[in-house]
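First up is the structure itself, then whatever we jot down about it.
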Amino acid sequence: MTMTRAEYEAQHPLGSVNVQHDGETRPMTEAEWTAWVDQAMEAQAAEQAEADAQAAKDATRQSAIEKLAALGLTVDEIKEAFGLEAPQ
Amino acid sequence: MSRLTVGSIEGLTENSNVISVPTGHSLNVADAGGLQIGGSAVGLVHVSRTTIGTAVSSVTVSNCFSSTYDNYKVIVAIDSTTNNSQCVGQLGAGSVTTTNYNSYLYTEQDAWGTFSPASVQSTSGLILGYCDNINVSHNSNDIISPYRATLTSSFGFYTQDDNGGFQISRQTDTTQFTDITIGPAAGTMTGGFIDVYGYAKA
Chain Y
1 MTMTRAEYEA
11 QHPLGSVNVQ
21 HDGETRPMTE
31 AEWTAWVDQA
41 MEAQAAEQAE
51 ADAQAAKDAT
61 RQSAIEKLAA
71 LGLTVDEIKE
81 AFGLEAPQ
Chain D
1001 MSRLTVGSIE
1011 GLTENSNVIS
1021 VPTGHSLNVA
1031 DAGGLQIGGS
1041 AVGLVHVSRT
1051 TIGTAVSSVT
1061 VSNCFSSTYD
1071 NYKVIVAIDS
1081 TTNNSQCVGQ
1091 LGAGSVTTTN
1101 YNSYLYTEQD
1111 AWGTFSPASV
1121 QSTSGLILGY
1131 CDNINVSHNS
1141 NDIISPYRAT
1151 LTSSFGFYTQ
1161 DDNGGFQISR
1171 QTDTTQFTDI
1181 TIGPAAGTMT
1191 GGFIDVYGYA
1201 KA
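If you read the protein sequences in the order shown, they are chains Y and D.
The first sequence begins at 1 in our numbering and counts up by one.
The second sequence begins at 1001 in our numbering and counts up by one.
Printed below as a string of structure tokens:
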């Protein structure tokens, strides 16, 4: 689930997040926390872009399957005719 | 290291050049590098265990890579995390390196029992696995040549409450890395451990 920056900051307010170096744990400084939120937002955006790209590929594949069906063909028939292994 | 003979250790017996530990006794090698063949340590040698604290964004395991071993196994068991996100490992040598990674993770994505393949990538760290937003996340990765002055590779597998998969990564600097900083790309983690093992060179 994609979170806005405000939602993320509300979930992890400054003072609630720690960093650990070997056995020692301490609260993040404000500068560290700001950079950490930036990084999380970037990671989330990249992952959402990946998911959107995959959804677009799935939609294209589904559209092609529906066009084949309209012609009276199935994916299995196409695979058999051309010796292809279509992605599942 | 002092030399012991079979007769000097209670319980050990020798027959036809085979040394046996009788039932009810155990052989305890206290030094992780103490079990050797031909003068070299054998198998996986435990380097460190770091217990994961409470609400931590990351854990740095320092000085876990050295010239002693070329290759390592890193096992991460996280008891709980707050967000769905990649589990990332950033190499370091005093300070954390956040660039020059090419990392990919492939997963069955949805809840166990539903197959819906997906992938994620990162350029800011080795992907070690994927974290669930509540429950346990486990991953195991081999890390190749972190301390050698060449690129570093890693590959491994993960499972968590919702899904599982595998991941491959590399870091292209020639830095001799000594540390690894592990944590979720978003949110915090609480509880569990990070174990680092070295593959004996012999």
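Here a beta-carbon is modelled for each residue, glycine too, at the ideal position from N, C-alpha and C.
Query - Within 8 Å, strictly: CB atoms of asparagine 1133(D) and asparagine 1084(D) - result: yes
**Report entry** Nearest neighbour of asparagine 1063(D), chosen from Thr1181(D), Asp1079(D), Tyr1104(D) and Ala1118(D) [CA to CA]
**Finding:** Thr1181(D)
Requested in this report: Just tell me which of Arg1049(D), Ser1058(D), Gln1036(D) and Asn1017(D) has its CA closest to the CA of glutamate 32(Y).
Outcome: Ser1058(D)
Query - With 16 other Cβ atoms within 10 Å as the buried cut-off, status of glutamate 1069(D) - result: It is tyrosine, not glutamate, that sits at residue 1069(D) in the sequence shown. That one is buried.
Query raised in the report: Does serine 1058(D) have its Cβ less than 8 Å from a Cβ in chain Y?
Result: yes
Report task. Determine the direct distance from the alpha carbon of alanine 1030(D) to that of glutamine 54(Y), and round the result to whole angstroms. Result -> 51 Å
Requested in this report: Below 6 Å CB to CB, which residues in the same chain sit around leucine 1044(D) once its five sequence neighbours on both sides are set aside?
Outcome: Tyr1197
Report task. Could you tell me which residues DSSP puts in a beta bridge with glutamate 24(Y)? Result -> His21(Y)
Requested in this report: Decide if tyrosine 1106(D) is buried, meaning its Cβ has at least 16 other Cβ atoms within 10 Å, or exposed.
Outcome: exposed
Requested in this report: Counting only runs of 3+ residues fully inside the segment 1079-1120 of chain D, write out the beta strand (DSSP E) ranges in chain order.
Outcome: 1085-1092 and 1101-1107
Requested in this report: Measure the CB-CB distance between leucine 1126(D) and glutamine 1176(D) and report whether it falls below 8 Å.
Outcome: no
Query raised in the report: So which residues on chain Y does glycine 1187(D) lean against when the C-beta distance must stay under 8 Å?
Result: Gln11, His12 and Ala40
Query raised in the report: valine 17(Y) touches chain D at which residues, Cβ-Cβ below 7 Å?
Result: Ala1055, Ser1057 and Thr1188
Query raised in the report: Given a limit of 9 Å on CB to CB distance, which residues of the segment 43-56 of chain Y reach chain D?
Result: Ala43, Gln44, Ala46, Glu47, Glu50, Ala51 and Gln54
Query - Stretch-stretch touch, CB-based, cutoff 8 Å, three pairs: the segment 1077-1093 of chain D with the segment 21-38 of chain Y - result: no
Query raised in the report: Rounded to whole angstroms, how far is the Cβ of serine 1137(D) from the Cβ of glycine 1129(D), which I believe are closer than 8 Å?
Result: 6 Å
Query raised in the report: Over what stretch of residues does the alpha helix (DSSP H) that includes leucine 1044(D) continue unbroken?
Result: Looking at the DSSP string, leucine 1044(D) is not in any alpha helix (DSSP H); the run it does join, the beta strand (DSSP E), is 1044-1051.
Report task. Check each candidate in Asp1161(D), Ile1194(D), Met1189(D) and Tyr1147(D) and name the one with the smallest Cα separation from glutamate 1230(D). Result -> With chain D covering only 1001 through 1202, there is no way to say anything about residue 1230(D).
Report task. Could you name the residues of chain D that threonine 25(Y) contacts, counting a contact when the two beta carbons are closer than 8 Å? Result -> Gly1053, Thr1054 and Val1056
Report task. Quick one: give me the first and last residue of the alpha helix (DSSP H) that serine 63(Y) is part of. Result -> 30-70
Requested in this report: Give, in chain order, every residue of the segment 1116-1129 of chain D whose Cβ lies closer than 8 Å to some Cβ of chain Y.
Outcome: Ala1118, Ser1119, Val1120, Gln1121, Ser1122 and Ser1124
Requested in this report: Find the nearest neighbour of threonine 1150(D) within the set Asn1100(D), Gly1191(D) and Val1056(D), judged by alpha-carbon distance.
Outcome: Asn1100(D)
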